[in-house]
Amino acid sequence: MTALKHSNFCMGCWEQMHLPVPLRGVISAPFRAFGVRPSRMNPNTCTICELMFTKVMRARKITIDATIMFADLRGYTSLSQSLSPDAVSQLLDAFYDQCANAIWAHDGLLNKAIGDAVMAVFNFPLQRGDHVRNAVLAAREIQDGWRGRRDELAGTLGIAASELGIGIGIHTGELSFGEFGQSHRDLTAIGTVVNTASRAQSVAAADQILVTDAVHRRALADLADSQPKIYQLKGFDTPIELYAA
Ligand SMILES: [Zn+2]
C-alpha cells in the first residue's frame, strides 16, 4: 500500500489567500489548538478550506463549476453477506484507500464515502482549470490501481478477483456546494450534475468508467477515441449519451 506524502502547509489557504497554514509538525500545534487541522476530505487542505465559502465568501452555499465522480464497489452487497465482518472492513479499507489516493493525487475532495461508494468533487477547495481532466485521470488511476491489487486481496479473502470490480461515473457543470440541512449540517454538492454522475456510475459495468458528453468535450485530448453509447438513466426522461473513458 503506498501512502502519499502529504503537504506540510495547506495548499488551499496558500493558493487562495497566500497564507502559510502549517498542517503537520511542531509548528502546526498552535493552529490545531484553534481547531485548524488537515481536512479528512483532502489532507493537503485544512478545515478552514472546507468552509472557505462561509469564512471567506460569507455564504452558506456557492455555485461552482466542478466535476463530480462516483465510484462504486460492485458486488459489495452480496459479498458483505458471505464474508466475515473483518474481511468486509479489509475490503472497504482497500477500496477507500485506492479511491482516496487517486482523488488526492489529482487535487480532488473525497466528499463522501458511504458503504460501497465514494463521491469526489474536483475544483473545490483547490481550484484547477483542468478539473475535468483531473477527474478522468483519477478514475483511471483507481481502476488501474485496483486491477493491480485485487488479485492479492481476493486471495486473502478467499473469493474470485472477478467479483471485485469498480464502476465509475463522471459528470461536470455548475452545481451548488455548501452546507445543507438544519439539524444535521452536511458539507456537500447537490444538483443535476451530482445526480447525473451518480446515474452514470450506476449503469457502468465493473471495471468501466462512463462519462457524459460535457466531460467528453472538456477532456477531449484524453477521450478522443471514445464513441458514445445511448443509455436510459433511471429518473431521466430522455436517453443520454455516455462515453467510456
Ligand atoms: Zn486551508
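Residue numbers (this note's numbering): 802 to 1046.
The beta carbon of each residue, even a glycine, is placed where N, CA and C say it ideally should be.
These numbers come from a predicted model, not from an experiment.
Pull the bridge partners of residue i from the DSSP assignment, please.
i: Phe-847; result: The sequence shown places Cys at residue 847, not Phe. Answer is Pro-839.
i: Tyr-1044; result: Val-1012 and Pro-1029
i: Thr-973; result: Thr-868
i: Thr-989; result: Gly-979
i: Trp-968; result: Sequence inspection shows Gly at residue 968; the Trp mentioned does not correspond to that position. For Gly-968, which the question treats as bridged, DSSP gives the partners Asp-873.
i: Phe-1037; result: Its beta-bridge partners do not exist; DSSP assigns none.
So residue i packs on residue j, CB below 8 angstroms; how close in whole Å?
i: Phe-925; j: Ile-865; result: 6 angstroms
i: Ala-1020; j: Val-937; result: 5 angstroms
i: Leu-1011; j: Ile-991; result: The Cβ separation is near 21 angstroms, so there is no contact.
i: Ile-943; j: Ala-872; result: 6 angstroms
i: Gly-974; j: Ala-1001; result: Their Cβ separation, rounded to whole angstroms, is 13 angstroms, which puts Gly-974 and Ala-1001 out of contact at 8 angstroms.
i: Ala-1007; j: Gly-968; result: 6 angstroms
i: Ser-1027; j: His-1017; result: 7 angstroms
i: Thr-848; j: Arg-838; result: 6 angstroms
i: Leu-911; j: Ala-901; result: 5 angstroms
i: Asp-908; j: Leu-874; result: That pair is no contact at about 23 angstroms.
i: Asn-843; j: Gly-826; result: About 19 angstroms separates the two Cβ atoms, so there is no contact after all.
i: Gln-1009; j: Ala-962; result: Not a contact, Cβ separation roughly 16 angstroms.
Please classify residue i: does DSSP put it in a helix, a strand, or coil?
i: Met-802; result: With a pLDDT of only 46 at Met-802, under the threshold of 50, the placement of this residue in the model should not be trusted; the figure read from the coordinates follows. Reduced to three states, the DSSP call for Met-802 is coil.
i: Pro-886; result: helix
i: Ile-960; result: coil
i: Pro-831; result: helix
i: Asp-894; result: helix
i: Met-920; result: strand
i: Ala-998; result: helix
i: Gly-949; result: helix
Short of 7 angstroms in beta carbon distance, which residues of its chain neighbour residue i, apart from the five on each side in sequence? Order them along the chain.
i: Cys-850; result: Cys-811, Gly-813, Cys-814, Ser-840 and Pro-926
i: Pro-1040; result: Ile-1031, Tyr-1032 and Gln-1033
i: Phe-832; result: Val-822 and Pro-823
Return the chain-ordered list of same chain residues with a C-beta closer than 6 angstroms to the C-beta of residue i, the five sequence neighbours on each side being excluded.
i: Glu-964; result: Gly-876
i: Ser-881; result: Val-889
Just mark residue i as buried or exposed, buried being the case when its beta carbon has 16 or more other beta carbons within 10 Å.
i: Leu-824; result: buried
i: Ser-883; result: exposed
i: Thr-957; result: exposed
i: Gly-959; result: exposed
i: Ser-885; result: exposed
Beta-carbon within less than 8 angstroms of residue i's beta-carbon, same chain only, minus the 5 sequence neighbours each way: which residues are those?
i: Arg-934; result: Arg-1019, Ala-1020, Ala-1022 and Asp-1023
i: Gln-928; result: Glu-816 and Gln-817
Verify the CB distance criterion: does residue i have a CB-CB separation below 8 angstroms to chain C?
i: Ser-808; result: Although the question refers to chain C, the structure presented lacks it and comprises just one protein chain.
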